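Enquirer: In case it helps, the numbering used here puts the sequence shown at residues 1 to 96. By construction, the Cβ of each residue, glycine as well, lies at the ideal position given by its N, Cα and C atoms. A quick note: this is a predicted structure, and the numbers were derived from the prediction, not measured. Quick one: structure below, then a few questions.
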Amino acid sequence: MISDVKNATDASPVSDQEFEFTLKIRVECLKSLWQAAAVHCMSEYNDSTDDLIDLIGPEEDPSIEDCLMALVLPERVSGCVMLNAVLEQQSGGQAG
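If you want it as structure tokens, here you go:
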């Protein structure tokens, strides 16, 4: 069964279709966001504590944007190439 999927994938023509995916998030708990990003980064990349702080900021003053990017963006979507990623803070929100 898996070999059938692999063979079907290998025979598929290359597509030039592009899609834009929009996701709007409201951060309700900075501590929870930072902790989830820290667990993700430590498990995925084996980052040291110093690397973690450089990547997502310290727990006391997290980089909201970097935490969100670490959690929301997959490293890879099978069969796709990520062309761009943009994270913008909406007006009225607090900077992180």
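May I ask you to report which of helix, strand or coil DSSP gives ILE25?
Expert: In the structure shown, ILE25 sits in coil (DSSP, three-state: anything other than H, G, I, E or B).
Enquirer: Tell me which residue opens and which closes the alpha helix (DSSP H) that ASP47 is part of.
Expert: Note, ASP47: premise wrong, no alpha helix (DSSP H); not H, not E.
Enquirer: Could you check whether LEU83 and GLU18 sit closer than 8 angstroms to each other, using their CB atoms as the reference points?
Expert: Yes, Cβ-Cβ distance for GLU18 and LEU83 is below 8 angstroms.
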